[in-house]
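For reference, each letter of the sequence shown is one residue, going -21 to -1, 1 to 175 in mature numbering (1 follows the signal peptide of the UniProt record, and there is no 0).
Note that the Cβ used here is the ideal one computed from N, Cα and C, for glycine as well.
Written below as structure tokens is the structure these notes are about.
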Amino acid sequence: MSLHINVIAVILVSAALCCLAGDIIIDSKDDECRSITSCSSCLTKNVCTWCVAKSLCTKQLCGNDNVIYPQQVPALMSGPDFCPRIASNEYMTYESGKREILTVKLAEIYLFMAFTPWKCKIQLNNKDVIVPAILVGESIFCESFEMKNDSEEPYTEGTVKVLWNYNKAFDGSLSFKVCRCDLEPNCIACNKKVKK
């Protein structure tokens, strides 16, 4: 009977260890890569790799996660071109006081990301606002948001970042401008809302 219990214990311990295999076990204070929060910045360090699902820069193994290696490493996925990132580079101008749906084009969307919650982190007037978003194809559509220029200047700048799985960010951000038509009647957004 005692041998039977020992065999069961060994099986359970082995199963637990197999589940942990590949997980990062070194304390973050011993891993200088862990302080880097963007994939492309991570890959500039020769000793660091990017764990995609964990959204983590590390010098340890990523387990069964998708791994992106620095450019000089001969691997299927090496270099910043494989990093999940914002691909839009259009600079939009919006009219203050109007609600807008921000659209952001993405690059390197991994399949498992599509089934997680999406959000947009909008920074405007020195405030961060997080709104729900939806992924359609290669673009994120941020929920309607009131673009408001609270300053006494004709224009104020803002940015939008894309978050997946609640708090994991794509590299980069998309910049935009919000103009007050009362201070700048010739603002392109006040006339025909065309791209600048």
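Item	Value
CB-CB length for GLN50 against LEU85, believed under 8 Å	Incorrect: roughly 21 Å between the Cβ atoms, too far for contact.
ARG159 versus CYS121: straight-line alpha-carbon distance, rounded	22 Å
Endpoints, alpha helix (DSSP H) assigned at CYS21	18 to 21
Distance between beta carbons of TYR73 and ALA168, contact taken as under 8 Å	5 Å
Nearest-angstrom Cα separation, counted from PRO96 out to GLY76	28 Å
Any 3 or more C-beta pairs closer than 8 Å across the segment 57 to 70 and the segment 13 to 28	yes
Reduced DSSP secondary structure (H/G/I, E/B, other) of SER14	helix
Contacting residues, own chain, Cβ-Cβ under 8 Å from ASP107 (five flanking each side not counted)	LYS100, ILE101
VAL141 versus ASN104: straight-line alpha-carbon distance, rounded	18 Å
TYR134 versus SER14 - alpha carbon distance	34 Å
Under the three-state DSSP convention, the category ASP60 falls into	helix
Same chain, Cβ closer than 6 Å to ILE47, five either side skipped, listed in chain order	TRP29, MET56, PHE61
Nearest-angstrom beta carbon gap, ARG64 and GLU87 [assumed within contact, 8 Å]	6 Å
Distance between beta carbons of CYS18 and GLU37, contact taken as under 8 Å	Reading the sequence as shown, one finds Thr at residue 37 and not Glu. The pair is not a contact, with the Cβ atoms about 12 Å apart (cut-off 8 Å).
Collapsed DSSP secondary structure at ILE80 in the structure displayed	coil
Straight-line Cα distance separating SER123 from MET71	15 Å
Top-ranked residue by Cα proximity to ILE119, from THR16, ALA66, PHE155	ALA66
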